[in-house]
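For reference, the structure is listed below as structure tokens.
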Amino acid sequence: MSRLDSFIRRALAQRDCLNDAARRTARLEGPVIELGLGNGRTYDHLRRLLPGREIFVFERRVAAHPDCVPDDGHLILGDFRATIPGAMARLGAPAALLHGDVGSGDAVKSAALAAWLGPAIRPLLAPGAVVVFDQALKDSGLDRLEPPASVDAERYFMYRAGE
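Residues -19 to 143 (our numbering) are what the sequence shown spells out, left to right.
Right, here's the structure in full:
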């Protein structure tokens, strides 16, 4: 498979999982968290998909299209390990939906970050919140969900936060 074909499959899986997560969390209160702004495509999709929700974005440094950058009140800059602990004070309420696109292309580094993120994000999630992630997460408080039928189970990952 070419890298272009792989990107297209990943982008379709990401979109389908986010659309499913929006449906699953429609009755939950709380903001949305985006881990990794990148060029802003997913953030742009989330704000169109969930126009009534606050979206908080965590990113090391902004490199997104100017139309796809959140305002200063919703952009949390810095390394995840420094910004995620204690972020609840900034969010104001636990999140109903969290999306993470944190893979770097280095499988070992991406897996290590995902291993840290699983437990680190739990305090930011409302009971029943849905997590959509580009990496497999391991945390006893996150129950694996089946992705939409259009998505290969190992291409993109979905979880529900426990009580």
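Even glycine gets a Cβ: it sits at the ideal position worked out from N, Cα and C.
Residues that DSSP places opposite residue i in a beta bridge
i: MET138; result: VAL112 and LEU125
i: ALA75; result: LEU105
Beta-carbon proximity check, residue i vs residue j, cutoff 9 Å
i: GLY142; j: LEU117; result: no
i: ALA95; j: ILE64; result: no
i: LEU122; j: ARG102; result: yes
i: LEU(-16); j: ALA2; result: no
i: SER130; j: LEU(-8); result: yes
i: VAL111; j: MET138; result: yes
i: LEU(-2); j: HIS79; result: yes
i: GLY10; j: PRO74; result: yes
i: PHE38; j: GLY18; result: no
Delimiting residues of the alpha helix (DSSP H) encompassing residue i
i: ILE(-12); result: -17 to 4
Limits of the beta strand (DSSP E) - the one that residue i falls within
i: ALA69; result: From DSSP, ALA69 is part of no beta strand (DSSP E) but of the alpha helix (DSSP H) over 68 to 71.
i: LEU26; result: Run containing LEU26: none in the beta strand (DSSP E); it sits in the alpha helix (DSSP H), 21 to 29.
Three-state class that DSSP yields for residue i in the structure shown
i: PRO107; result: strand
i: ILE56; result: strand
i: LEU93; result: helix
i: GLY85; result: coil
i: GLY32; result: coil
i: VAL98; result: Note on residue identity: the sequence assigns Gly, not Val, to residue 98. Here GLY98 sits in helix by DSSP.
Among the options, the one whose alpha carbon lies nearest that of residue i
i: LEU55; options: GLY83, VAL88 and GLY20; result: GLY20
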